[in-house]
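Numbering (the numbering used here), first residue to last: 5 to 140. Worksheet: the structure to be examined is printed underneath.
Structure representation (structure tokens):
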């Protein structure tokens, strides 16, 4: 994030956003988002690869860590509000746009990405799996 190299309030706020984002992104890449790669084939009723077992474990971990992930989003959004306020005070539009876009991204994760990853894990859990369907 370019703003993190800036001085003053914008730079300080941007560095705090970056500090909070990094470990959160690592978690998302490790277990929150990979199960979504099986969503389309599962929806089409296709046979799933052996990686489906790993996706189940990832989805279970996401479900277990969801309260922490949402709390992290809260801290990230608070830091983004601070960044946007600092940028507005200095008349800098780019950091404001970045902050607003990232806040929207967090909402999308919470409402659109995390829930289907968890549901998919539940569907793929042994004993819950449905047989591959033949397309009509």
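Glycine residues also receive a C-beta, built at the ideal position from the N, C-alpha and C atoms.
CB contact flag (residue i, residue j, <8 angstroms)
i	j	result
residue 80	residue 25	yes
residue 88	residue 105	no
residue 107	residue 74	no
residue 52	residue 46	yes
residue 14	residue 82	no
residue 77	residue 114	yes
residue 56	residue 42	yes
First and last residue of the uninterrupted alpha helix (DSSP H) at residue i
i	result
residue 15	12-31
residue 69	55-93
residue 101	97-112
residue 41	Careful: residue 41 lies outside any alpha helix (DSSP H) and carries neither H nor E.
residue 125	118-128
Whole-Å CB distance - residue i paired with residue j, under 8 angstroms assumed
i	j	result
residue 128	residue 59	6 angstroms
residue 121	residue 63	5 angstroms
residue 22	residue 86	No, residue 22 and residue 86 are not in contact; Cβ-Cβ is about 13 angstroms, not under 8 angstroms.
residue 4	residue 35	No answer is possible for residue 4: the residues shown for the chain start at 5 and end at 140.
Buried/exposed call for residue i, threshold 16 Cβ in 10 Å
i	result
residue 112	exposed
residue 32	buried
residue 139	Confidence is the limiting factor: at residue 139 the pLDDT is only 49, short of 50, which leaves the residue's position unreliable, though a coordinate-based value still follows. Counting Cβ neighbours within 10 Å, residue 139 comes out exposed, since fewer than 16 surround it.
residue 99	buried
C-beta neighbour in chain C for residue i, strict 8 angstroms
i	result
residue 52	Note that chain C does not occur in the displayed structure, where there is just one protein chain.
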